[in-house]
Amino acid sequence: MEPKTHFLYPSTLFVSKEQYLVNTILGSCVAVCLFDPITKTGGINHYMLPFWNGEGLASPKYGNIAIERMVEKMISLGCKKSNLIAKVFGGGEVIDTQISQFHIGERNIAVAYQMLKELNIAISGQSVGGKNGRKIQFNTGTGAVLQKMIAKQSFEKNQ
Numbered sequence: 003m004e005p006k007t008h009f010l011y012p013s014t015l016f017v018s019k020e021q022y023l024v025n026t027i028l029g030s031c032v033a034v035c036l037f038d039p040i041t042k043t044g045g046i047n048h049y050m051l052p053f054w055n056g057e058g059l060a061s062p063k064y065g066n067i068a069i070e071r072m073v074e075k076m077i078s079l080g081c082k083k084s085n086l087i088a089k090v091f092g093g094g095e096v097i098d099t100q101i102s103q104f105h106i107g108e109r110n111i112a113v114a115y116q117m118l119k120e121l122n123i124a125i126s127g128q129s130v131g132g133k134n135g136r137k138i139q140f141n142t143g144t145g146a147v148l149q150k151m152i153a154k155q156s157f158e159k160n161q
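Counting from 3, one number per residue, gives the positions in the sequence shown under the working numbering.
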């Protein structure tokens, strides 16, 4: 039987004990995939900015919130934090504009590494940085991730 599929939008996370193929597209955003090989439970998030500044809603739009919430949700489904293995994707500098001076991609990658280190979760795979986007598919039942690089598109203005 084919696994169910789910598309993961930015600022969201997805955790399941059931096998799903979770698809998402990343530019400067980062996705952290967590897998517990004992319970065969997987989780993935897709965050846009590194840190929540304490104002407004503490949403999974922010890396520190998205990673914490995903770990909590996996533990609530019977996972042990000591069993979790991480894979990190994204954080490309895909936009050549004024906004790239903020290095959002680099900062998103840094928060993933920092949070996973603090949580004592090992990283078994990664594909981060660079100038391209990524399309990834995470299998929540096996922890496997398929990745396709997305070349930067140049847009020309119509006269």
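For every residue, glycine included, the Cβ atom is placed at its ideal position computed from N, Cα and C.
Among THR43, VAL32, ASN66 and HIS48, the one whose alpha carbon lies nearest that of TRP54: ASN66
Beta-carbon contacts of PRO62 that lie in its chain and below 7 Å, excluding the five residues immediately before and after: SER13, THR14, LEU15, ASN47, TYR49, ALA68 and ARG71
Backbone secondary structure at GLN21 - three-state DSSP: coil
Rounded separation between GLN149 and GLY92 - CA only: 10 Å
Three-way DSSP call (helix, strand, coil) for ILE40 in this model: coil
Every unbroken alpha helix (DSSP H) within the region 94-126, with a cutoff of 4 residues, ordered by chain: 106-120
Bridge-paired residues (DSSP) for PHE7: The amino acid at residue 7 is misidentified as Phe; the sequence shows Thr. According to DSSP, THR7 bridges with LEU23.
Close-in-space but distant-in-sequence residues of the same chain around GLN139 (CB under 6 Å, 5 per side omitted): LEU23, ASN25 and LEU148
Residue of TYR64, LYS89 and LYS19 minimising C-alpha distance to VAL113: TYR64
CYS1 versus VAL90: straight-line alpha-carbon distance, rounded: The question about residue 1 has no answer here: the residues shown for the chain are numbered 3 through 161.
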